[in-house]
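All remarks here apply to the structure that follows.
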Amino acid sequence: MNKIIILLVVFLVLTLVAGMHIYQSFKRLSELPERLSALNEKLPEGFWLDFGMVYYYSPVKMIILACAIYSACFFLVDYVWKRFR
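According to this note's numbering, the sequence shown is numbered sequentially starting from -12.
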């Protein structure tokens, strides 16, 4: 029973952390057009930035990172639980 509670707490904390990262990523993505247009105005003639930079802000990266963190934490909790029980 204690193991289930520990796993639920870990899951909830990781969900909150991953959700915050994904939210921030979407927020930055929505601000990107204004940032690019402001940067393009400051660049010398003949230079410009395009929306290829959107990949840098990709929420997909955050989702993949969250899944990797979930997996690692579940394996770690399971290993520690079996090792020190």
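Beta carbons: idealized from backbone N, C-alpha and C, even for Gly.
Item                                                                                       : Value
Residue 52 to residue 1 span [Cα, whole Å]                                                 : 11 Å
Straight-line gap, residue -5 to residue 21 (C-alpha atoms, nearest Å)                     : 40 Å
Beta-carbon spacing of residue -3, residue 60 below 8 Å                                    : yes
Distance, residue 4 Cα to residue -7 Cα                                                    : 17 Å
Nearest-angstrom Cβ-Cβ length linking residue -9 and residue 50, presumed shorter than 8 Å : With a Cβ gap of about 25 Å, residue -9 and residue 50 do not count as contacting.
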